[in-house]
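Residue numbers (the working numbering): 1273 to 1561. Cβ coordinates follow ideal geometry from the N, Cα and C atoms, glycine included. On a predicted model such as this, the values are computed, not experimentally measured, just so you know. Heads up: the structure comes next, in structure tokens.
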Amino acid sequence: MSPKALLSLIVLGVLLLVASQGLYVINETERAIKLQFGEVVDNDIKPGIHWKVPFMQNVKRFDARVLTLDTNPSHFLTSGKKYVIVDSFTKWRIKDVNSYYKATSGNRQEASNLLANLVNKGLRDEIANRTLHEVVSGERDQLMTKLTAALNTQTQDDLGIEILDMRVKAVDLPDDLSASVYNRMSAEREREAREHRSQGKELSEGIQADADRQKTVLEAEAYRDAERTKGEGDAEAARIYASAYNKDPEFYAFTRSLKAYTQTFSQGDVLLLEPDSDFFRYMKDAKGK
């Protein structure tokens, strides 16, 4: 190989080395900054192909996707001096690459630790202003919304991090407090049960008394109507008997005597009467004379 060809190969190799060291690619899922001797010269490199001065400048890449900070459950004190165990998570991403690099040196673990401290402090302050009921069931969404807005302002200024969302996975009570709350809830439900049973018994007695009163009234009205109907029937029967008697008094007297004979002689007892008694009037004479 001639010296000229060898020189050309050397020059080509140097150019390739310089190109490989100078050209770099930033993906869509990345954010980057360019450093020159440790000083930031480009604090927000967009995705695409870029150039840097070989051996003088270097590029730091960071994950630009939405990341999750899943903190360990922590104890917090409510305004009523009751402890709760809160398990939460935070969705965040890099907003300002320059601020993020200055605050964390580009170390994601360092960023997570700093963010976790801010989240715990925010939760502690917010829960300390609320009662146990408000934290457990009353104002959890409102608490998270307020805390997200407050922390977002602080983290963007201090860490270059944007907080997208904060959620509470669980709010538990310590074992001793859980037993106390359970006993208090049990006593409260028992009190409500006794109150409901008392109200039910009172209502039952009222219904029973009203039913007994209605029964007495109905029976009295039925007895009154029955006696009235019976009296009307007796009066009607007496009227019919009287009318029949007035039509033929002699026949009526004859039928009464026959009925008296039948009832008297069917007994089989001894009857002592004088022969000329009026009882034997129709036995002596068919016309009763």
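Tell me, to the nearest whole angstrom, how far the beta carbon of G1352 is from that of T1301; I am working on the premise that it is less than 8 angstroms. Cβ atoms of G1352 and T1301 stay farther apart than 8 angstroms, at about 46 angstroms.
The ligand MN and E1382: does the residue's C-beta get closer than 7 angstroms to at least one heavy atom of that ligand? Looking at this structure, you won't find the ligand MN or any other ligand, since it has none at all.
CA-to-CA distance, I1305 to I1332, given in whole angstroms: Going by the sequence as given, residue 1332 is Lys instead of Ile. Rounded to the nearest whole angstrom, the CA to CA distance from K1332 to I1305 is 5 angstroms.
Which residues does DSSP pair with Q1308 in a beta bridge? Assignment of beta-bridge partners to Q1308 by DSSP yields E1311 and Q1329.
Could you give the DSSP three-state label for G1472: helix, strand or coil? In the structure shown, the three-state DSSP call for G1472 is helix.
C-beta atoms of R1412 and V1391 nearer than 8 angstroms: No. Outside cutoff.
Reduced DSSP secondary structure (H/G/I, E/B, other) of E1300: If DSSP states are grouped into helix, strand and coil, E1300 belongs with coil.
Is D1359 closer than 8 angstroms to A1442 when the C-beta atoms are compared? A contact, by the Cβ cut-off of 8 angstroms.
If you follow the beta strand (DSSP E) that K1418 is in, where does it begin and where does it stop? In the DSSP assignment, K1418 falls outside any beta strand (DSSP E) and within the unbroken alpha helix (DSSP H) covering R1412 to D1430.
How would you call R1303, buried or exposed, if buried means at least 16 neighbouring beta carbons within 10 angstroms? Buried, since its Cβ has 16 or more Cβ neighbours within 10 Å.
If we ignore side chains and look at the alpha-carbon of each, how far apart do F1394 and P1326 end up? Note that residue 1394 is Gly in the sequence shown here, rather than Phe. Straight-line Cα distance between these residues: approximately 45 angstroms.
Three-state class that DSSP yields for A1388 in the structure shown: Three-state DSSP puts A1388 in a helix.
The alpha helix (DSSP H) enclosing A1375, as first and last residue numbers: Where A1375 is concerned, the enclosing alpha helix (DSSP H) stretches over V1369 to T1376.
Decide if V1297 is buried, meaning its Cβ has at least 16 other Cβ atoms within 10 Å, or exposed. Result: exposed.
Can the beta-carbon of N1379 be found closer than 8 angstroms to that of V1312? Contact: no.
Please name the residue, chosen from D1447, V1489, K1473 and A1498, that lies closest to K1354 on a Cα-to-Cα basis. Measuring from the Cα of K1354, the nearest candidate turns out to be D1447.
To which residues of the same chain is L1423 closer than 7 angstroms at the C-beta, ignoring the five residues directly before and after it? Cβ within range, chain order: L1390, V1391, G1394 and I1435.
Counting C-beta neighbours from all protein chains within 10 Å, is the total for T1534 16 or more, i.e. buried, or is it exposed? Exposed, because fewer than 16 other Cβ atoms sit within 10 Å of the Cβ of T1534.
If we define contact as Cβ-Cβ less than 8 angstroms, is F1526 a contact residue for chain C? Absent here is chain C; the protein component of the structure consists of one chain.
Consult DSSP for S1346 and reduce its assignment to one of helix, strand or coil. S1346: strand per DSSP, three-state reduction.
Could you round the C-beta distance between F1348 and V1356 to whole angstroms and report it? I think they count as a contact, below 8 angstroms. Between the beta-carbon of F1348 and that of V1356 there is about 6 angstroms, and that keeps the pair under the 8 angstroms contact cut.
Which residues share a DSSP beta bridge with M1438? Paired residues: T1362.
Three-state class that DSSP yields for G1320 in the structure shown: In the structure shown, G1320 falls within a strand segment according to DSSP collapsed to helix, strand and coil.
Any idea what DSSP makes of L1445, helix, strand or coil? Of the three classes helix, strand and coil, the one that applies to L1445 here is coil, per DSSP.
Quick one: what does DSSP say T1340 is sitting in, helix, strand or coil? T1340 carries a strand assignment under DSSP once its states are collapsed to helix, strand and coil.
Closest by C-alpha distance to Y1373, when choosing among L1307, R1496 and L1475: When the alpha-carbon of Y1373 is set against those of L1307, R1496 and L1475, the nearest one is in L1307.
Give the DSSP bridge partners of F1334, in chain order. For F1334, the beta-bridge partners assigned by DSSP are R1303.
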